[in-house]
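As structure tokens, the structure follows; a few thoughts come after it.
Residue numbers (UniProt numbering): 1 to 107.
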């Protein structure tokens, strides 16, 4: 990464919240390590936010009862392969269809 002093100061005084005296006392290596740690922290925070949102969406989707298989946050985030899901057999499909008929044809 090639950056000028202006860009380095923007990072130091902005996201890293360093005071000017603290910034000028750091070596380039120390500053780079602080910036790397901050970047990793932001990445972990974003991942936690994505997972929390996917968890909420999965719960809402599962509550509707419109899906044959359980929706997980990992599936929504693309962290698992959907090909690994077990296909439903025709017997299982018929049983589930009969259960739905019993549930909704009460008239």
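The beta-carbon is built from N, C-alpha and C at its ideal position, and this holds for glycine as well.
Between the CA atoms of residue j and residue i - distance to the nearest angstrom
| i | j | result |
| --- | --- | --- |
| residue 91 | residue 71 | 22 Å |
| residue 18 | residue 76 | 38 Å |
| residue 45 | residue 51 | 10 Å |
| residue 25 | residue 37 | 18 Å |
| residue 40 | residue 20 | 23 Å |
| residue 9 | residue 48 | 29 Å |
| residue 43 | residue 32 | 16 Å |
| residue 65 | residue 79 | 23 Å |
| residue 104 | residue 73 | 29 Å |
| residue 101 | residue 15 | 58 Å |
| residue 35 | residue 7 | 12 Å |
| residue 99 | residue 56 | 28 Å |
| residue 62 | residue 29 | 49 Å |
| residue 67 | residue 94 | 16 Å |
| residue 96 | residue 87 | 14 Å |
Assigned exposure category for residue i - 16 Cβ within 10 Å defines buried
| i | result |
| --- | --- |
| residue 54 | buried |
| residue 12 | buried |
| residue 58 | buried |
Any non-hydrogen atom of the ligand HEM closer than 7 Å to residue i Cβ
| i | result |
| --- | --- |
| residue 12 | Of the ligands one can find in the structure shown there are none, so the ligand HEM has no counterpart to examine. |
| task | Return the chain-ordered ranges of every alpha helix (DSSP H) run that is complete within the segment 5-91 and spans a minimum of 4 residues. | result | Within the segment 5-91, the complete alpha helix (DSSP H) runs of at least 4 residues are 5-13, 20-25, 28-64 and 73-77.
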